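In my numbering, the protein residues as written are 1323 to 2134.
Every residue gets a Cβ at the ideal spot worked out from N, C-alpha and C, and that includes glycine.
All figures in this text were calculated on a predicted structure; none of them were measured in a lab.
Below you'll find the structure, written out as structure tokens, and then a few comments.
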């Protein structure tokens, strides 16, 4: 009959409690009992059947009693289990049916997962998994695995009610005896534990990485000397993997270590719990390997650090060899040498220092300078030592040694360990230098005396020469006949040669004295070339030479007067040394520079004379000192002016074919309009000239030439006489020509100023004036410039004077 005790329709047995099942069975039995009674009554065999029914009822009551007792025991067991599950708050414990729906839920599940039992019962347990696991079918896979293998254990990420993720350890068990196929799930939150485990694992990984990254090899041993770890560097050196070494003793791995010093220090570190170290040399396969080995006690045993120090030992050996060579060199040098530490104690002294000091190094090493040589304290060499240390730089001094009482040159080099000092006896050199200095001073005094002599001599010679030049020009109209004209011509040439000599000496003395101050401006080269051509073309033609001057529209940054002198000297040099052919003067641009070139077809310059031609009085091919070939000062003046103006001058020459000189000038910023050449002022046309000079002969010459030119002239020996004469005449002069230095300490600039003051109210501007002087100093030039006056240096030819006057009148 038991096969008829089935759950009521519509209520799955798995979803009802044991009490409900029991009551359903009793109701089924009561119904069956009623059916039986009806059958008995209908059959008429009541007596026997009643006995049967009574027996059945008794059995029914016994069965019912057993069921009640079983129910009570089950309820008691279920209560105890519930109490246990409710007390397990550290774990989430839940049951699921075969489809994964939650059927029970303990308080621990509520605490960990967030849902109450009422909220979660009947819901799919997939809500506990991450969306990724749900999409991958993980919940169903877990149940299938638990059912197939009897259990499932794993750790993974789970979700709480608030969708926060936590790391959980899950155990899934199928419920035995449950025909419906349910599951028991025990879930433990291991998020904190996992974080700790991860931190430990990361720390271990970092420690391993650190140990693997260090340059030193590292091996650990337990107290039985068995390997427990080695890093990557150790594998590279011993060429053994960790897996092949783990658990083996050091003697099994390195049997050659037994009985060595390496074993001894390892045992000492292990037994005495102290750190030990040594350096050991190994040879294998023809190679030398130096290892530094250190043992340090650890809680588990000892750790062994070892590293390849072959490079360091090789460097130390090389350094030792280098030191030996250095000592050998230092001992052999001619300089004395010593070193001191930062406490000023001698650490090394060479043989030469021993000799100069007269002391053995054994008595000095380790002692302080002040203790050995107290007389040196505070001296210049001692202060140089202090300076080198203080400023951390090399200091070199020449001084008188307070120790050996001779002149020494000391070079002090600071270093990390102190000072390295070289010194040598330079007494003989100082004596030679002093003698040279005295000789130099004497030479400079002689040069200065020479300059003063030349200036004075040239000044004194200029005065009569100036008069001669003027009178020669005055005589020309009065000399008749070929013999007279020839004599006058030779006289003029002699005077010209004398004038050239004085001019050259004047230039040299002014350059030597350093009183020439360039006035740099934009100088158009075309007027300069035209002036050169006008001056030298007749001379060239007279010698049968062709002087060609190319047109040049360029402008140079230079001093007009000095540049003209340089070009004139080069042209004059070409004229003197060219016997046939031609002379070319041209200019061309080279970037931002202008090149002036003077070429000739003359005798040329031998290669060994190309540098000597710039020396004073040096001439090529003129041993007899022919005056027609000059004095040998022209090129010397060119070289000095080129240095003064920063106009490099170059020369190239082929002996027998000619020479070319090149001047390199900075180009001017703008083109300057070409000025018209000033007209000659030889036609006085009745102009009124005031001439002031304290030399009667020069004054007579000036008066004669000016009158020959058609000027009306007032001559005076001083400013006072000139002013008196003008007051008598009452006429404003057209030009004033005054000597610079007059008698009684008066100056020509003062005379010009006083004459100009007489006629200030005329409204015609200052009277034009020019200073005619033999002075070579800068004072004259500055004074004249402050009065707006030009300067003409004596001696001057009538043609040069006429040209200067023409420029004055042209400017006016």
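- In the three-state scheme derived from DSSP, where H, G and I count as helix and E and B as strand, residue 1980 is classed as strand.
- Taking residue 1413 as the centre and dropping the five residues before and after it, the same chain places the C-beta of 1430, 1508, 1510 closer than 6 Å to its C-beta, in chain order.
- Given a length threshold of 4 residues, each whole run of the alpha helix (DSSP H) inside the stretch 1531-1596 is given here in chain order: 1554-1560, 1564-1567, 1572-1575, 1583-1594.
- The beta carbon of residue 1433 sits closer than 6 Å to the beta carbons of 1411 from its chain, once the five residues preceding and following it are set aside; these are given in chain order.
- Of all alpha-carbon atoms in 1757, 1664, 1693, the one lying nearest the alpha-carbon of residue 1712 is that of 1664.
- Contact between residue 2091 and residue 2060 holds, since their C-beta atoms are separated by about 7 Å, short of 8 Å.
- Taken atom to atom, the span from the alpha-carbon of residue 1958 to that of residue 2058 is near 35 Å.
- Where residue 1961 is concerned, the enclosing alpha helix (DSSP H) starts and stops at 1956-1967.
- Annotation: the continuous beta strand (DSSP E) that includes residue 1414 extends over 1414-1418.
- Taking all protein chains shown into account, residue 1878 has 16 or more neighbouring C-beta atoms within 10 Å of its C-beta and is therefore buried.
- Membership of residue 1889 in the alpha helix (DSSP H) is indicated by the continuous run 1882-1898.
- Distance from the CA atom of residue 1610 to the CA atom of residue 1521, rounded to whole angstroms, is 43 Å.
- Within 10 angstroms of the beta-carbon of residue 1604 lie fewer than 16 other beta-carbons, which makes it exposed.
- Contiguous beta strand (DSSP E) elements confined to the stretch 2050-2084 occur at 2057-2061, taking only those with 3 or more residues.
- Below 8 Å, too few C-beta pairs join the stretch 1904-1912 and the stretch 2017-2035 to call them touching: fewer than three.
- Fewer than three beta-carbon pairs drawn from the stretch 1963-1980 and the stretch 1853-1872 are found closer than 8 Å, and the two stretches are therefore not classed as touching.
- Short of 6 Å from the beta carbon of residue 1569, and not among the five residues preceding or following it, lie these beta carbons of its own chain, in chain order: 1548.
- Bounds of the beta strand (DSSP E) holding residue 1612 are 1609-1619.
- Sequence-distant partners of residue 2069 (beyond 5 residues in either direction) whose C-beta falls short of 8 Å from its own C-beta, in its chain, are 2062, 2063, 2105.
- Per the Cβ contact rule, the stretch 1733-1745 is in contact with the stretch 1698-1714 (3 or more Cβ pairs under 8 Å).
- When DSSP states are grouped into helix, strand and coil, residue 1712 belongs to the helix group.
- With respect to the C-alpha of residue 1420, the residue from 1515, 1457, 1714, 1494 having the closest C-alpha is 1494.
- Within a 10 Å sphere around the beta-carbon of residue 1648 sit fewer than 16 other beta-carbons, which makes this residue exposed.
- Listed as beta-bridge partners of residue 2113 by DSSP are 2093.
- About 7 Å separates the beta carbons of residue 1628 and residue 1538, which is inside the 8 Å limit, making them a contact pair.
- Take residue 2034, set aside five residues on each side of it, and the residues of its chain with a beta-carbon closer than 6 Å to its own are 2010, in chain order.
- Selection 1986, 1589, 1897 evaluated against residue 1880 yields 1986 as nearest (Cα-Cα).
- Among the bridge pairs identified by DSSP, residue 1481 is matched with 1487.
- Per the coordinates, the alpha-carbon of residue 1852 lies some 16 Å from the alpha-carbon of residue 2126.
- Residues of the same chain with a CB within less than 8 Å of the CB of residue 1914, apart from the 5 flanking positions on each side, are 1988, 1989 in chain order.
- Under the criterion of beta carbons closer than 8 Å, residue 1591 and residue 1619 qualify as touching, at roughly 6 Å.
- With the rule of 3 Cβ pairs closer than 8 Å, the stretch 1665-1674 counts as touching the stretch 1688-1707.
- Per DSSP, reduced to three states, the secondary structure at residue 1599 is strand.
- Boundaries for residue 1853: no beta strand (DSSP E) harbours it, while the alpha helix (DSSP H) harbouring it runs 1847-1864, taken from the DSSP string.
- For residue 2012, the pairing in a beta bridge is given by DSSP as 2036, 2058.
- The Cβ atoms of residue 1422 and residue 1461 lie closer than 8 Å to each other.
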